Amino acid sequence: MPLSPYNMNNPSGYMDPSEMMAVQPAVGAGLGVIHNALGTAKVELFEIEHQILQYFNEFSACGNSLKMLVQNYSYMLNSTGSPNPEEAFKCLMTEKAAIVTALCRSYICYEPLQELIISELNNWRRQQALAGNGAPFQESTLDQIQRCFELLESFIGHLLAAVKETLRVHLVNDEPELNNLLERVRGAQKNLVCAAFIVDKQPPQVMKTNTRFAASVRWLIGSQLGIHNNPPTIECIIMSENQANRFVTRGTQMDSTLAGQSSGEIQNCSSTMEYQQNNHIFSASFRNMQLKKIKRAEKKGTESVMDEKFALFFYATTTVNDYQIRVWTLSLPVVVIVHGNQEPQSWATITWDNAFADIVREPFAITDRVTWAQLSVALNTKFGSSTQRALTRDNLDFLFEKLQRDERSDYITWNQFCKEPLPDRNFTFWEWFFAIMKLTKDHLMGMWKASCIMGFINKAKAQDDLMRSATGIGTFLLRFSDSELGGVTIAYVNEYGSVTMLSPWTARDFQILNLADRIRDLHMLRWLHPSDTNGVPQERDRAFGEFYSARDGTNEPKAGYVRSTLHVQVRNAIGDNGSIIGTPQHPIPSPPQDSSMSMGNPEDSDSDDSCVLDAIERYVADTSPDDPVSREIIATIMSATCKSPLSASSGDFAMADFDVNFADVYKQII
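Numbering follows the UniProt record's numbering, with no gaps: position 394 of the sequence shown is 394.
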């Protein structure tokens with residue numbers, strides 16, 4: 001039977017080579033291998049595209065030879081009485097052998113290109129996982145990767161058609177080399193088509209039941225193979241880690257009971273693929289999914305539901321050329337929760353997995369220890385993306401000390417990260433870190449971005465830095481609390497030259513009055529200590545002024561009401577009887593003071609406590625005589641006076657007449 005003339009340039013559904021060559025980019029010298037953030041070699045995508053086009057062009061050159069072989073074979077079958085049939089047969093054998101050699105060489109050139117572009121796609125998916133922790137992510141790179149997939153699909157499609165056509169030139173009974181090539185080409189095409197099916201928009205990785213969420217899948221073959229003309233429906237189920245692991249080991253073998261293997265119930269879990277002609281995107285969107293129920297595995301040891309990983313499993317069945325193919329893909333791991341208080345630990349599981357998973361792995365194998373260099377990058381990425389300012393070297397050193405505790409190792413374990421409580425605390429490192437991150441994001445972001453908050457510094461170093469500050473009394477800094485989750489505290493140099501630590505404020509406090517307004521109310525705060533060693537102190541209002549709230553009464557109260565405002569007051573360190581400092585005092589006029597009650601000149605005192613004397617004098621002078629603390633000060637002084645020999649011989653007294661140790665007076669008062 002005569003064969004139809006072979007036309008390599010027109011197999012149904014494939015890109016025309018002329019179209020491929022028309023988009024060939026210009027490639028100059030010096031372009032080659034670059035390195036991505038993971039440290040693995042990454043060949044520029046346009047370089048891969050150029051190589052695909054180059055090898056395809058070389059393969060296309062054998063098209064005329066194959067066409068001639070088919071014509072000669074057809075002529076031999078239809079001719080009668082050929083003068084030299086043996087010679088004609090030998091010529092055909094020679095021609096066919098040359099074509100088989102060319103086809104094998106083309107496949108040898110093609111195979112590493114497919115491996116390379118699949119590796120590039122895996123790198124993209126790894127970057128997608130890191131983006132789940134907040135790392136920068138060039139999502140648009142996927143369009144370039146798709147372009148390479150389309151070129152490869154066109155290449156392998158033409159190669160497959162050429163191998164089939166060559167097999168139709170049947171000159172001998174057994175052609176193992178050509179049959180083997182056919183199987184390899186078919187397998188390569190199948191692998192390419194399956195690898196091109198991915199999750200391009202990931203679902204939320206901490207997934208709450210009965211909460212709507214979205215995701216989408218994309219098939220990077222575009223319009224190749226003509227599948228878009230009869231687009232398949234994509235189904236979605238949720239798989240546990242064990243289910244996903246078992247399925248991956250079986251490869252692409254799926255059966256009709258797959259839907260019954262779901263570990264939960266998902267609503268709106270199917271979507272038909274759509275092809276967008278303008279950008280060649282072939283995708284299916286799941287815009288309104290909702291996880292109604294979840295089936296959990298038995299827990300082992302100290303495992304909790306927040307440690308358990310699931311994944312969405314997307315799959316479809318379609319026909320490619322003359323064989324059926326099933327495609328599937330898994331989302332990034334997700335943790336399923338039912339209550340908001342499970343969120344912090346769930347994010348520990350996801351953050352660790354996103355940061356340290358291998359590019360290719362069994363679901364969802366992960367190391368249980370990493371170096372501090374690795375973890376510091378993950379923490380910095382997570383915190384910086386959430387709060388819009390990266391951690392400083394000092395911040396990271398502080399976090400390292402907190403994680404290491406008394407141990408000295410280059411590695412941080414999963415248990416240290418989020419399982420073991422911090423020393424003398426009832427919470428873990430991750431719970432403490434996550435609470436600070438949430439507080440900063442929700443209430444402190446502007447001030448954190450402006451470097452007004454030092455944050456990660458321990459109490460001892462904060463005291464030391466403040467005591468060394470050139471600006472002295474009134475210098476302050478803001479640090480995150482070590483003892484309270486999601487707390488921030490102010491440390492400042494008080495009027496006695498020592499450091500005072502205010503009780504931490506949390507999100508509940510900032511819902512009432514924001515941090516900047518609280519700082520504005522505390523008049524003893526004058527100079528903001530720089531948050532890094534290269535900075536200089538800033539005057540308080542210059543540093544925080546842009547974050548103050550308006551208190552000009554622009555919103556008039558309702559008729560019949562008088563406006564009130566909230567102000568922060570700090571208990572005075574001098575006593576515990578209700579006295580306050582740091583806010584404007586109500587101007588209550590004091591009666592004229594007897595000059596004999598003058599506290600004297602502190603510089604005339606031979607006591608080492610002249611600064612305490614000065615403080616007591618100012619307090620008595622500015623306070624009503626009815627104030628209980630003022631009365632106690634005077635009573636204490638009078639008591640000390642009565643014990644002096646001078647008091648027996650003189651009815652009048654002045655501070656200079658008394659040899660009174662005011663430190664003792666102060667101790668008696670408090």
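Don't be surprised by glycine CBs; every beta carbon is placed ideally from N, CA and C.
All values derive from a computational prediction rather than experimental measurement.
Chain-order list of residues whose beta-carbon lies under 6 Å from that of residue i (same chain, five-residue window excluded)
i, result
"isoleucine 574", "With a pLDDT of 46 at isoleucine 574, under the threshold of 50, the predicted position of this residue should be treated as unreliable, and no value is reported."
"phenylalanine 59", "Ser106"
"glutamine 463", "Val499"
"glutamate 175", "none"
"valine 100", "Leu178"
"leucine 258", "none"
Short Cβ contact (8 Å threshold) for residue i with residue j
i, j, result
"leucine 439", "glycine 384", "no"
"phenylalanine 310", "valine 338", "no"
"glycine 474", "tyrosine 496", "no"
"serine 262", "alanine 297", "no"
"residue 679", "tryptophan 430", "Because the chain here runs from 1 to 670, residue 679 falls outside it and cannot be looked at."
"valine 377", "glutamine 342", "no"
"alanine 218", "isoleucine 198", "Sequence check: residue 218 is arginine here, not alanine. Yes, Cβ-Cβ distance for arginine 218 and isoleucine 198 is below 8 Å."
"leucine 445", "leucine 478", "Position check: residue 445 holds methionine in this sequence, whereas leucine was assumed. No, the pair does not count as a contact, with Cβ atoms beyond the cut-off."
"asparagine 123", "valine 360", "no"
"residue 673", "leucine 502", "The question about residue 673 has no answer here: the residues shown for the chain are numbered 1 through 670."
"aspartate 410", "threonine 371", "yes"
"leucine 92", "leucine 69", "yes"
"glutamate 362", "asparagine 229", "no"
"valine 185", "isoleucine 156", "yes"
Residues near residue i by beta carbon distance below 8 Å, same chain, minus five either side
i, result
"residue 672", "The structure shown does not extend to residue 672, since the chain is modelled only from 1 through 670, so no value can be given for it."
"threonine 209", "Leu291, Lys292, Lys293, Ile294, Val336, Ile337 and Val338"
"phenylalanine 89", "Met76 and Leu171"
"asparagine 279", "Asp143"
"proline 537", "Ser469, Ala470, Thr471, Thr475, Trp527, Leu528, His529 and Pro530"
"tryptophan 505", "Gly487, Val488, Thr489, Leu515 and Arg518"
"lysine 419", "Thr302 and Thr428"
Closest residue to residue i among the options (Cα-Cα distance)
i, options, result
"cysteine 269", "Arg246, Ala316 and Val493", "Ala316"
"leucine 152", "Thr166, Arg540, Glu49 and Arg479", "Glu49"
"phenylalanine 480", "Thr272, Asn458 and Val562", "Asn458"
"alanine 135", "Tyr561, Gly260, Ala491 and Gln388", "Gln388"
"leucine 160", "Thr141, Asn180, Leu142 and Asn173", "Asn180"
"cysteine 194", "Trp430, Thr329 and Thr475", "Thr329"
"proline 421", "Thr471, Arg405, Lys558 and Ser409", "Arg405"
"alanine 102", "Gln138, Lys90, Ser65 and Phe137", "Ser65"
"residue 740", "Leu142, Asp482, Ile234 and Val199", "The first residue shown for the chain is 1 and the last is 670, placing residue 740 beyond what the model contains."
"leucine 375", "Ser386, Pro363 and Asp353", "Asp353"
"serine 283", "Asp397, Gln261 and Pro232", "Pro232"
"phenylalanine 286", "Asn57, Ile237 and Leu92", "Ile237"
"phenylalanine 213", "Ala516, Thr565, Ile366 and Ile266", "Ile266"
"valine 327", "Ala196, Lys461 and Phe46", "Ala196"
"cysteine 452", "Pro504, Glu484, Ala516 and Lys164", "Ala516"
"phenylalanine 314", "Gln276, Asp307, Thr272 and Lys300", "Thr272"
"leucine 525", "Trp448, Pro85 and Val568", "Val568"
"arginine 551", "Leu566, Asp541, Lys558 and Glu539", "Leu566"
"lysine 461", "Phe427, Asp532 and Lys449", "Asp532"
"alanine 365", "Tyr561, Asn72 and Asp307", "Asp307"
"alanine 450", "Ala390, Glu407, Asp394 and Ile412", "Ala390"
Per DSSP, the bridge partner or partners of residue i
i, result
"phenylalanine 356", "According to DSSP, phenylalanine 356 bridges with nothing at all."
"serine 216", "Lys201 and Ser285"
"tyrosine 323", "Val320"
"glutamate 264", "Residue identity differs from the one stated: residue 264 is glycine in this sequence, not glutamate. Glycine 264 is bridged to Ile294."
"cysteine 236", "Phe314"
"methionine 207", "Val336"
"glutamine 538", "Leu528"
"serine 270", "Glu235"
"phenylalanine 480", "Val488"
Same chain, Cβ closer than 7 Å to residue i, neighbours up to 5 away in sequence not counted
i, result
"tryptophan 347", "Val206 and Phe434"
"cysteine 109", "Tyr55"
"leucine 399", "Leu379 and Phe456"
"serine 4", "Here the model assigns serine 4 a pLDDT of 41, short of 50, so the residue's position is not dependable, and the following value carries that caveat. Once the five neighbours on either side are set aside, serine 4 has no close Cβ partner at all."
"glutamine 51", "Leu113"
"aspartate 442", "Ala507"
Under 8 Å, with one C-beta from each stretch per pair, do the segment 96-104 and the segment 153-171 reach the 3-pair mark? yes
Would the segment 235-249 and the segment 174-189 be scored as touching if the rule is three or more Cβ pairs under 8 Å? no
How do the segment 211-229 and the segment 138-155 stand: do at least 3 beta-carbon pairs fall below 8 Å, yes or no? yes
Does the pairing of the segment 501-520 with the segment 536-549 give three or more beta-carbon distances under 8 Å? yes
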